[in-house]
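Residue numbers (the working numbering): 74 to 904. Yeah, the Cβ is synthetic: ideal placement off N, Cα and C, and Gly gets one too. Working notes, beginning with the structure itself.
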């Protein structure tokens with residue numbers, strides 16, 4: 074054979090037949106849309122599954138994070154479809170919120186224009202990305218048809234006492250000029266813009282999520298095993314349940330005692346002073362005239378510090394004396410009452426008893442202001458009064474009255490609580506870190522709060538038949554944040570009449586936090602055109618709870634906690650019959666580049682659109698899936714979409730070379746290849762179920778290699794090669810929809826591969842004919858035996874000792890021990 078003939082008969086990578094990615098993308102997008110391929114039938118003929126990706130926000134075109142998250146959701150949706158389920162996989166946009174408003178202000182545009190333009194851009198990209206979405210369920214939270222029902226739900230919460238308005242210190246973002254919920258403050262900074270958050274006293278709207286605190290906490294146990302444990306832990310920590318006691322400290326001249334919560338009432342004998350939060354009403358009430366000026370100056374200074382800074386153990390302690398004293402309820406001592414910024418107003422009553430010997434912050438404060446330090450638990454360590462290091466371990470109680478001599482902390486806590494309760498100076502208690510959800514925002518682009526303020530009747534709900542209360546247009550108006558809502562300037566909109574008395578009244582000018590919109594959207598997806606309520610209860614009953622939810626762990630507290638709260642309220646209203654909105658949660662990692670998060674300032678951003686233009690959708694999708702486990706970060710510098718494209722062309726060429734007819738009996742073909750095919754089916758089915766997507770891709774790659782090897786040896790007419798190629802096509806369609814549609818058609822099947830059936834593994838082909846057993850002597854391999862998979866340990870030992878190579882290696886030496894791990898290992902230890 075000449076060199077030229079060899080070249081012609083054995084195509085190189087450069088001369089292989091390749092699929093046209095661009096043409097395939099355009100063709101199959103059109104086919105899926107024209108044929109409603111991914112529209113949920115909802116006809117009862119199949120068991121239903123609801124797969125949902127976290128709501129995208131229309132802040133621009135899709136980015137690499139979207140590429141990963143939505144590819145994973147699509148894998149699950151396509152897998153379930155192929156398994157025979159009726160799948161609801163909808164799409165919509167969380168289209169209200171600060172980013173759109175800020176972007177519009179920067180561009181001197183209206184938020185609606187900016188938002189809906191971005192939505193159309195993203196919609197086109199979602200279609201291009203080949204996602205199996207049901208576009209008939211599309212919705213946007215900024216549409217009046219949607220936020221009418223957000224307002225309706227708010228009013229139902231209001232009627233049940235779960236929506237209320239109060240004045241209190243709130244988190245304030247000086248950049249976005251709006252209040253923030255506690256959950257939206259990350260390390261003392263605004264989670265949206267990064268500005269350092271301060272405190273303001275304002276009257277705001279809240280949802281009473283604390284009414285459901287125990288229910289929310291208990292429900293986490295129900296989700297264990299189906300939600301990532303770190304998410305469950307984050308929610309438990311945020312709810313922050315603490316058991317302890319309320320302790321009453323009497324104050325001269327005050328009828329009511331100061332009530333303090335503590336988890337260590339057993340250390341009361343060591344409480345030598347009290348500390349109040351500067352912004353608390355209690356501090357303002359108790360400070361004497363002689364100390365008023367110092368207190369007010371200190372209060373102003375406190376407002377400039379973040380909560381994170383205030384609670385830091387490294388920060389130098391500051392404070393002012395109120396001029397007042399309280400009585401320690403267990404020993405009658407008078408203890409001074411101080412104000413210090415390391416105590417927060419929303420912890421307990423805004424007051425703490427200071428036990429400096431056993432709390433480092435209290436000890437630092439006591440040493441700074443020369444206050445007494447009394448050790449009441451002997452841990453065996455040196456006296457904190459001398460070392461300046463607080464002791465927090467367990468030990469024997471000392472200088473603690475009736476507790477002296479006890480060494481068990483639980484017994485000490487129980488005894489002191491019993492004593493306080495009997496004397497009427499305290500009681501057992503449980504507190505929580507979770508605070509009510511502050512939902513009102515001083516911005517324009519959000520759902521208006523449907524409340525009218527009447528001078529005579531106060532807060533009056535807008536009647537249901539007047540919903541939605543639509544946003545005024547305000548085109549051309551100055552929407553820049555000024556500390557009050559821009560809606561206040563729309564006087565024609567603000568000024569209205571009271572629904573009760575008909576007198577002059579004003580609309581509420583705040584809008585709702587966008588997390589309200591996304592706390593119930595998943596219900597609306599089941600019946601987006603429903604007009605008799607926020608959702609059709611029968612449709613929700615058919616589709617929910619959500620079978621699989623996919624999204625980032627950054628929403629572990631805010632979004633997921635709020636949607637669980639909403640679900641419980643709707644359950645108590647009798648609108649649904651379940652309390653947890655989703656059965657399974659999958660968190661994807663972050664797509665980074667060169668070891669760091671992508672950013673314009675670092676110059677390490679990766680443009681998704683350019684990656685798709687260069688390598689095609691399928692190669693990009695396969696790359697993000699194959700890069701690692703779903704929850705791990707992907708460093709784009711370490712992956713190869715070019716390598717993914719090379720593999721896809723190899724798989725595609727496999728389909729082009731099959732010549733046997735559809736329906737050919739694979740039992741007449743290469744049985745070794747058939748075993749690989751069915752072992753791959755079994756493995757990939759299990760791996761997709763367990764969300765090990767990257768491992769399943771590796772198995773498919775192995776099957777492609779095995780099929781290629783068999784095809785080269787036996788030709789494209791072998792029915793076993795067809796079976797392998799068809800299996801590759803169906804399994805690979807979860808990840809790469811376009812090339813597999815082409816392959817399915819090349820293999821002689823009517824479109825679409827999305828309508829195919831997930832293959833079943835033949836159990837008979839999962840059993841290996843033989844396995845290789847390694848025989849070692851002193852750790853060195855001396856022989857390899859082909860044995861039956863079910864060979865007994867006794868038989869395997871006899872075979873190993875009888876092997877000629879083993880006999881030569883032993884050279885007649887006595888055997889001290891033989892270790893058999895059937896069927897794969899025999900280890901011989903000579904004497």
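In this structure, the beta-carbon distance from residue 187 to residue 177 falls below 8 angstroms.
For the set 174, 159, 342 and 328, the Cα lying nearest the Cα of residue 519 is the one of 174.
Separation of residue 484 and residue 470 (C-alpha to C-alpha, rounded to the nearest whole angstrom) is 11 angstroms.
When secondary structure is reduced to three states using DSSP, residue 886 falls in the coil class, being assigned neither helix nor strand. Between residue 412 and residue 396, the gap from beta carbon to beta carbon reaches 8 angstroms or more. Taken atom to atom, the span from the alpha-carbon of residue 114 to that of residue 792 is near 35 angstroms. Close CB contacts of residue 418 within its chain, under the 6 angstroms cut and outside five residues either way in sequence, are with 242, 350, 352 and 353 (chain order). Around the CB of residue 179, fewer than 16 other CB atoms lie within 10 Å, so the residue is classed as exposed. Excluding its 5 nearest sequence neighbours in each direction, residue 377 has C-beta neighbours in its own chain below 7 angstroms: 271, listed in chain order. Each of 247, 251 and 365 was checked against the Cα of residue 269, and the nearest Cα belongs to 247. For residue 671 and residue 444, the gap between their C-alpha atoms comes out near 51 angstroms. Counting only residues of its own chain and dropping the five nearest sequence neighbours on each side, residue 523 has a CB closer than 7 angstroms to the CB of 224, 227, 228, 534, 535, 540 and 542. When secondary structure is reduced to three states using DSSP, residue 155 falls in the helix class.
In the assembly as shown, residue 646 is an exposed residue. Its beta-carbon has fewer than 16 other beta-carbons within 10 Å.
Taking all protein chains in view, the Cβ of residue 843 is surrounded by fewer than 16 other Cβ atoms within 10 Å, so the residue is classified as exposed.
For residue 589, the enclosing alpha helix (DSSP H) begins and ends at 587-590. Per DSSP, residue 526 is one residue of the beta strand (DSSP E) stretching across 524-527.
In the displayed model, residue 374 falls within a helix according to three-state DSSP. The Cβ neighbour count for residue 614, taken over all protein chains shown within 10 Å, is under 16; the residue is labelled exposed. Across the set 796, 525, 759 and 697, the C-alpha of 697 shows the shortest separation from the C-alpha of residue 143. In the DSSP annotation of this structure, the continuous segment of the beta strand (DSSP E) that includes residue 900 starts and ends at 898-903. The region 616-691 is shown to contain whole beta strand (DSSP E) runs of 3 or more residues at 621-625, 658-661 and 664-666, in chain order. Beta-bridge pairing by DSSP links residue 712 to no other residue. In the DSSP assignment, residue 504 falls within the unbroken beta strand (DSSP E) covering 499-504. Assignment of beta-bridge partners to residue 213 by DSSP yields 166. Spanning the alpha carbons of residue 333 and residue 356 requires a straight line of approximately 14 angstroms.
Three or more beta-carbon pairs separated by less than 8 angstroms link the region 884-901 to the region 845-862, which places the two stretches in contact. A direct Cα-to-Cα measurement between residue 606 and residue 222 gives close to 7 angstroms. In the DSSP assignment, residue 241 forms a beta bridge with 275. In this structure, residue 399 sits near residue 323, with a CB-CB distance shorter than 8 angstroms. Pairing residue 288 with residue 641 gives a Cβ-Cβ distance under 8 angstroms.
Counting only runs that start and end inside the region 407-486, the alpha helix (DSSP H) elements of at least 4 residues fall at 433-441 and 457-460. In this structure, DSSP gives residue 388 a state outside helix and strand, which the three-state scheme calls coil. In the DSSP annotation of this structure, residue 811 is not part of any beta strand (DSSP E); the continuous alpha helix (DSSP H) holding it starts and ends at 810-819. With fewer than 16 neighbouring CB atoms inside 10 Å of its own CB, residue 736 falls in the exposed class. Excluding five sequence positions before and after residue 864, the CB atoms of its chain that fall closer than 7 angstroms to its own CB belong to 895 and 896, given in chain order.
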